[in-house]
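Colleague: Here the sequence shown is numbered in the numbering used here, starting from 1 and rising by one per residue.
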Amino acid sequence: MCLFKEKIESSAKYLPSAKKSAYDHMVCDSIPESEFAQYMENRNDMLLYVKLPSWFKVETPVSSYNPDWAIVLNGPDGERCYLVRETKGGDDLRHIEQRKTEYANKHFDALGVDYEVITPEDFHSMRC
């Protein structure tokens, strides 16, 4: 007799340790998010990053939107740069996701905050 029929996958790969964040570990929803957290840990200009909580919402005409990351970088002249990033595994977004990110771009632009949707190939393009 077997108690469990399916093998349950460990969530350890979604919990990278963090030293440059407000938390000891980052709870990530996907492999690209986990890879992005590790990338941010290794940046010399990274001051702080945080995975935004689920209650942080941007209201858009299509539905509410929860971006992934808030980031503070140390710029080349010592100024701080504030960024918001949405991580995706690829460029092929569903129509509703594409619309939400378009509205989020307008929202953060109005606030003067640098916002982008990025994939693992784009990680190194993040600049202050």
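Cβ atoms here follow ideal geometry from the backbone N, Cα and C, with glycine treated the same way. In this text the structure is predicted, and so the values were computed from the model without any measurement.
(1) Just checking, does the region 90-107 make contact with the region 41-57 on the three C-beta pairs under 8 angstroms criterion?
(2) How many whole angstroms separate the CB atoms of Ser-34 and His-25, which I take to be in contact at a CB cut-off of 8 angstroms?
(3) Tyr-49 and Phe-123: beta carbons closer than 9 angstroms?
(4) Specify the secondary structure class of Tyr-158 as computed by DSSP and reduced to three states.
(5) Going by C-alpha to C-alpha distance, which of Gly-78, Ala-37, Val-62, Val-58 sits closest to Lys-19?
(6) Taking its Cβ as the centre, do 16 or more other Cβ atoms sit within 10 Å of Lys-106, making it buried, or is it exposed?
(7) In whole angstroms, what is the alpha-carbon distance linking Thr-60 and Asp-91?
(8) Which residues mark the beginning and the end of the alpha helix (DSSP H) in which Leu-111 is found?
Modeller: To lay it out plainly:
(1) no
(2) Wrong, their Cβ atoms sit about 11 angstroms apart, outside the cutoff.
(3) no
(4) The structure shown does not extend to residue 158, since the chain is modelled only from 1 through 128, so no value can be given for it.
(5) Ala-37
(6) exposed
(7) CA-CA distance, Thr-60 to Asp-91, rounds to 21 angstroms.
(8) 95-111
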